[in-house]
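Here the protein sequences line up with chains A and B, keeping their order. The opening residue of the first sequence carries number 1 in full-length UniProt numbering; numbering runs sequentially from there. The opening residue of the second sequence carries number 1 in full-length UniProt numbering; numbering runs sequentially from there.
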Amino acid sequence: MDMDYTATQSVSRQHPETRSTSMDGTDPSQLFDDTSVAPGGQPTGFQGQGVGTMGHPGRTLLSDPMSNLAMAYGSSLASQGKDLVDKNLDRFLPISKLKYYFAVDTVYVGKKLGLLVFPYMHQNWEVSYQQDTPVAPRFDINAPDLYIPAMGFITYILVAGLALGTQNRFTPEILGMQASSALVWLIMEVLVVLLSLYLVTVNTDLTTIDLVAFSGYKYVGMIVGVVAGLLFGRTGYYLTLLWCCISIFVFMIRTLRLKLLSEAAAQGVLVHGARNQLRMYLTMSIAAAQPIFMYWLTYHLVR
Amino acid sequence: MAFTLYSLIQAVILCVNAVAVLHEERFLSKIGWGVDQSIGGFGDEPGIKVQLMNLVRSVRTVMRGTTEKSIPFINIKHRSACI
């Protein structure tokens, strides 16, 4: 029994060194496990300050082989659980693909917001690729991202609460109702666009997340409109909303034209044929739906 | 108009149910939307009608596979005072 204890003592000599450098040297005169250690002794054991008697209870707790084993087992269980959760979550939510959409920086966000409100000067709307994969939004202003739509959605809900508060119509439940309403309209819009893309058999590389991103860009215009309505009254709201509606219409047309139409039609050449006409109508209706939603979701906020 | 996610799920289920209930030979063939009338066009020109017919047929197949009849009656919430 003595041999066992000194063996574990020498083993524990290496362990405390990896954990904390200022741990006391083991006391060879202690021949028994000091189980009178208080539960608070464990943290001090980890820190291993050489404070006289406080070092000993913590040290014995760490040097206990059972607790070492338990800690190793626990950490392996935790990492196994984490792997399992990651693998299963990746099946439903493609996390790695989502990360691409959030790879933005301040310059990109600033330029993109400016582009959403004033898209008339921008010349090159092509998304640049790098060996068949799209470049991250940080490096290409034409790439869609999910940061602006997500932040825009949350800001829209807050601004809606603010607008309702100025009219004394605010209750906390209204925030939830606004959020779920806007979310439902977004989901319905994405579903309808997906259905129409399927029916028109467009060969495009637009993913569902891209469509969510494009549908979320209208929140920026809505927020600007509602804020202008709060500051300048109804005339300000209508004027700003008109401007933002036209801007988002032009933005959507110019962005979707490159993705949905065939090569020749995207250059501006008038290509005849029922199929191209159908695609053109589809692009125009997707773009025209944005101002409609923008008005629908904000007119009740500005009275 | 105040929507909740629950009403969206309700609406989607009811619409899918409506598509799945369309009977093949009593109704769809009568209006020219039967499954035997869609194998016409080859080449890259399916057209909207053919796509729609394929969609209806696949919805019916999927829903039959998952025993659509067993979707219980949806407990439509009695909306009394809330929006």
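Glycine residues also receive a C-beta, built at the ideal position from the N, C-alpha and C atoms.
Flag this pair as touching only if the segment 148-160 of chain A and the segment 207-217 of chain A have three or more C-beta atom pairs under 8 Å; answer yes or no. Verdict: yes, contact present.
Quick one: complete alpha helix (DSSP H) runs, 4+ long, within the segment 99-160 of chain A? DSSP runs (the alpha helix (DSSP H)) wholly in the segment 99-160 of chain A: 106-117.
Can you tell me whether DSSP reads Y259 of chain A as helix, strand or coil? Taking the first residue of the first sequence as 1, we reach residue 259 of chain A at position 259. According to the sequence provided, residue 259 of chain A is Lys. The question's Tyr does not apply to it. For K259 of chain A, the secondary structure class from DSSP, reduced to helix, strand or coil, is helix.
List the residues of chain B that S180 of chain A touches, going by C-beta distances under 7 Å, in chain order. Along the first sequence, one-based indexing puts residue 180 of chain A at 180. Within chain B, the residues whose beta carbon sits less than 7 Å from that of S180 of chain A are F3, T4, L5, listed in sequence order.
Kindly indicate which three-state DSSP category N203 of chain A falls into: helix, strand or coil? Looking up residue 203 of chain A in the first sequence gives position 203. When DSSP states are grouped into helix, strand and coil, N203 of chain A belongs to the coil group.
Applying the criterion that 16 or more other CB atoms from any shown protein chain within 10 Å of the CB defines a buried residue, is V107 of chain A buried or exposed? For this step, residue 107 of chain A is matched to residue 107 along the first sequence. With fewer than 16 other CB atoms across the displayed protein chains lying within 10 angstroms of its CB, V107 of chain A is exposed.
Is there a C-beta anywhere in chain A that falls below 8 Å from the one on L28 of chain B? Within the second sequence, numbered from 1, the residue matching residue 28 of chain B stands at position 28. No, L28 of chain B does not count as interfacial toward chain A.
Quick check on the burial criterion: 16 or more other C-beta atoms within 10 angstroms. Buried or exposed for Q277 of chain A? Sequence index remark: in the first sequence, residue 277 of chain A carries index 277 (1-based). Taking all protein chains in view, the Cβ of Q277 of chain A is surrounded by fewer than 16 other Cβ atoms within 10 Å, so the residue is classified as exposed.
Can you pull the chain A neighbours of I48 of chain B, defined as C-beta to C-beta under 9 Å? One-based indexing of the second sequence puts residue 48 of chain B at position 48. Those within 9 Å of I48 of chain B in chain A are L199, V200, T201, L278.
Please confirm whether A20 of chain B and M53 of chain B have their CB atoms less than 8 Å apart. Residue numbering aside, residue 20 of chain B sits at position 20 when the second sequence is read from its first letter. Residue numbering aside, residue 53 of chain B sits at position 53 when the second sequence is read from its first letter. Not a contact, by the Cβ cut-off of 8 Å.
Tell me which residues share the same chain as L14 of chain B and place their Cβ nearer than 6 Å to its Cβ, disregarding the 5 neighbours each side in the sequence. One-based indexing of the second sequence puts residue 14 of chain B at position 14. Excluding residues within five positions, none has a Cβ falling inside 6 Å.
Could you check how far apart the C-beta atoms of I286 of chain A and V193 of chain A are, in whole angstroms? I think they sit under 8 Å. Here residue 286 of chain A is taken as the residue at index 286 of the first sequence, counted from 1. Here residue 193 of chain A is taken as the residue at index 193 of the first sequence, counted from 1. Yes, they are in contact, since the Cβ atoms of I286 of chain A and V193 of chain A sit about 6 Å apart, within 8 Å.
Between the CA atoms of A163 of chain A and E189 of chain A - distance to the nearest angstrom: Along the first sequence, one-based indexing puts residue 189 of chain A at 189. Along the first sequence, one-based indexing puts residue 163 of chain A at 163. Using only the alpha carbons, I get a separation of about 25 Å.
Under 8 Å (Cβ pairs) to chain B, residues found in the segment 161-189 of chain A: Of all residues in the segment 161-189 of chain A, only M177, S180, S181, L183, V184, W185, I187, M188 come within less than 8 Å of chain B when Cβ atoms are compared, listed by chain position.
Contact between the segment 167-174 of chain A and the segment 193-213 of chain A: three or more CB pairs below 8 Å? Taking a contact to require three or more Cβ pairs closer than 8 Å, the segment 167-174 of chain A and the segment 193-213 of chain A do not qualify as touching.
Rounded to whole angstroms, how far is the Cβ of I141 of chain A from the Cβ of L115 of chain A, which I believe are closer than 8 Å? Taking the first residue of the first sequence as 1, we reach residue 141 of chain A at position 141. Taking the first residue of the first sequence as 1, we reach residue 115 of chain A at position 115. Contact between I141 of chain A and L115 of chain A holds: their C-beta atoms lie close to 7 Å from each other, under 8 Å.
Under 8 Å between the Cβ atoms of T283 of chain A and L261 of chain A? Mapped onto the first sequence, residue 283 of chain A falls at position 283. Mapped onto the first sequence, residue 261 of chain A falls at position 261. The criterion of a C-beta distance shorter than 8 Å is satisfied by T283 of chain A and L261 of chain A.
Alpha carbon of A160 of chain A to alpha carbon of L297 of chain A, nearest angstrom: Locating residue 160 of chain A in the first sequence gives position 160, where the first residue counts as 1. Locating residue 297 of chain A in the first sequence gives position 297, where the first residue counts as 1. One C-alpha to the other measures close to 10 Å.
In the DSSP assignment, find the unbroken alpha helix (DSSP H) run with G74 of chain A in it and report its ends. Reading the first sequence from its first residue, position 74 is the one you call residue 74 of chain A. That run of the alpha helix (DSSP H) goes 65-92.
What residue does the alpha helix (DSSP H) around V50 of chain B start on, and which one ends it? The residue labelled residue 50 of chain B in the question sits at position 50 within the second sequence. First-last of the alpha helix (DSSP H) with V50 of chain B: 47-65.
Looking at C-alpha atoms only, which residue of A:V302, A:P134, A:V250 is the closest neighbour of H122 of chain A? On the first sequence, residue 122 of chain A is found 122 positions in, with the first residue counted as 1. With respect to the C-alpha of H122 of chain A, the residue from A:V302, A:P134, A:V250 having the closest C-alpha is A:V250.
Which class does F251 of chain A belong to by DSSP, given the choice of helix, strand or coil? Within the first sequence, residue 251 of chain A is the residue found at index 251, counting from 1. Looking at F251 of chain A - three-state DSSP - the assignment turns out to be helix.
Starting from F293 of chain A and walking both ways along the alpha helix (DSSP H), at which residues does that stretch end? For the purposes of this step, residue 293 of chain A is identified with residue 293 of the first sequence, where counting begins at 1. Boundaries of the alpha helix (DSSP H) around F293 of chain A: 274-298.
Work out the CA separation of Y237 of chain A and V226 of chain A for me, nearest whole Å. On the first sequence, residue 226 of chain A is found 226 positions in, with the first residue counted as 1. On the first sequence, residue 237 of chain A is found 237 positions in, with the first residue counted as 1. The alpha-carbon of V226 of chain A is positioned some 6 Å away from that of Y237 of chain A.
Pick out whichever of B:V16, B:Q10, B:N17, B:K49 has its Cα sitting closest to the Cα of I31 of chain B. Within the second sequence, the letter at position 31 stands for residue 31 of chain B. Nearest in C-alpha terms to I31 of chain B, of all of B:V16, B:Q10, B:N17, B:K49, is B:K49.
Chain A partners of L8 of chain B, CB-CB under 8 Å? Stepping through the second sequence from its first residue, residue 8 of chain B is reached at position 8. Near L8 of chain B (Cβ distances below 8 Å), the residues of chain A are V184, I187, M188.
From what residue to what residue does the alpha helix (DSSP H) around L211 of chain A run? For this step, residue 211 of chain A is matched to residue 211 along the first sequence. Looking at the DSSP string, the run of the alpha helix (DSSP H) that includes L211 of chain A is 208-216.
Cα-Cα separation between D83 of chain A and I95 of chain A, rounded to whole angstroms: Translated into positions along the first sequence, residue 83 of chain A becomes position 83. Translated into positions along the first sequence, residue 95 of chain A becomes position 95. So the two alpha carbons sit approximately 14 Å from each other.
Using a Cβ-Cβ cutoff of less than 7 Å, which residues in the same chain neighbour A228 of chain A once the five nearest sequence positions on both sides are dropped? As a working mapping, residue 228 of chain A is identified with position 228 in the first sequence. For A228 of chain A, where only same-chain residues beyond five positions count, the Cβ hits under 7 Å are G236, Y237, T240.
Using only the alpha-carbon positions, how far apart do Q178 of chain A and G81 of chain A sit? By 1-based counting over the first sequence, the position of residue 178 of chain A is 178. By 1-based counting over the first sequence, the position of residue 81 of chain A is 81. If you take the alpha carbons of Q178 of chain A and G81 of chain A, they lie about 37 Å apart.
Nearest-angstrom Cα separation, counted from Y129 of chain A out to F139 of chain A: Locating residue 139 of chain A in the first sequence gives position 139, counting from the first residue. Locating residue 129 of chain A in the first sequence gives position 129, counting from the first residue. In a straight line, the C-alpha of F139 of chain A is about 11 Å away from that of Y129 of chain A.
Have a look at T4 of chain B and S196 of chain A and give me their C-alpha separation to the nearest angstrom. Position 4 of the second sequence, counted from the first residue, corresponds to residue 4 of chain B. Position 196 of the first sequence, counted from the first residue, corresponds to residue 196 of chain A. Going from the Cα of T4 of chain B to the Cα of S196 of chain A covers about 24 Å.
Beta-carbon of I74 of chain B versus every beta-carbon of chain A: anything under 8 Å? By one-based count along the second sequence, residue 74 of chain B stands at place 74. Any reading at I74 of chain B needs caution, since the residue's pLDDT is 44, under 50, leaving its predicted position unreliable; the model's value is listed next. Chain A contact via Cβ: absent.
Let me see if you follow: with CB-CB separation under 8 Å, is L14 of chain B close to chain A or not? By one-based count along the second sequence, residue 14 of chain B stands at place 14. So no, L14 of chain B is outside the interface.
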